[in-house]
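Take a look at the structure below.
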Amino acid sequence: MTLEELQETIRSEVGVLLYFSGEHCSVCHALRPKFKEVFDENFPLLKQIYLDAHENLEISAHFQVFSVPTMIVFMDGREFAREGRSVSMHQLTEKLKRPYIMMTE
Numbered sequence: 001m002t003l004e005e006l007q008e009t010i011r012s013e014v015g016v017l018l019y020f021s022g023e024h025c026s027v028c029h030a031l032r033p034k035f036k037e038v039f040d041e042n043f044p045l046l047k048q049i050y051l052d053a054h055e056n057l058e059i060s061a062h063f064q065v066f067s068v069p070t071m072i073v074f075m076d077g078r079e080f081a082r083e084g085r086s087v088s089m090h091q092l093t094e095k096l097k098r099p100y101i102m103m104t105e
């Protein structure tokens, strides 16, 4: 995926989850299934995109991702939430619920 394709996806979708990880990042690999489960259950209309930060340097630099894992949620084409290593799934879910409902109803 190119940066231009990703930007078009962000503009055209209701919402997008970008999850930046690294091949040798054990935290990344542990959190990814949890993010997928939470987003599948609570935010099914958000498009989920998983990227290796090291293989996608242009995209990582554009979104100022300097450490992994980093999760960025876009809603209505704008960055709405950004989380790093220590993320509470409960707090994130609560933060996203109301705007998600407003945008999808």
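If you count the sequence shown from 1, position 38 lands on 38 in UniProt numbering, and the numbers rise without skipping. Backbone N, C-alpha and C define an ideal beta-carbon position, used for all residues, glycine too. Bear in mind the structure is a predicted one, so any value in this text is a computation, not a measurement.
Same chain only: Cβ atoms within 8 angstroms of residue i, ignoring 5 sequence neighbours per side
i	result
G84	S67, P69, T70 and M71
Close Cβ partners of residue i (< 7 angstroms) along its chain, the five nearest in sequence each way excluded
i	result
G22	C28, D52, A53, H54 and V68
H62	L3
S60	F20 and A53
Residue i versus residue j - alpha carbon distance
i	j	result
L57	M1	12 angstroms
L31	D40	14 angstroms
L96	R78	13 angstroms
Residue closest to residue i, alpha-carbon to alpha-carbon, out of the options
i	options	result
I10	Q48, A30, E41 and D40	Q48
Y19	F74, E5 and E41	F74
residue 158	A30, N42 and K34	Within the shown structure, residues of the chain are numbered from 1 to 105, placing residue 158 beyond reach of any answer.
Chain-order list of residues whose beta-carbon lies under 6 angstroms from that of residue i (same chain, five-residue window excluded)
i	result
L45	V14 and T104
Cβ separation of residue i and residue j, assumed to be a contact under 8 angstroms, to the nearest whole Å
i	j	result
M89	V38	5 angstroms
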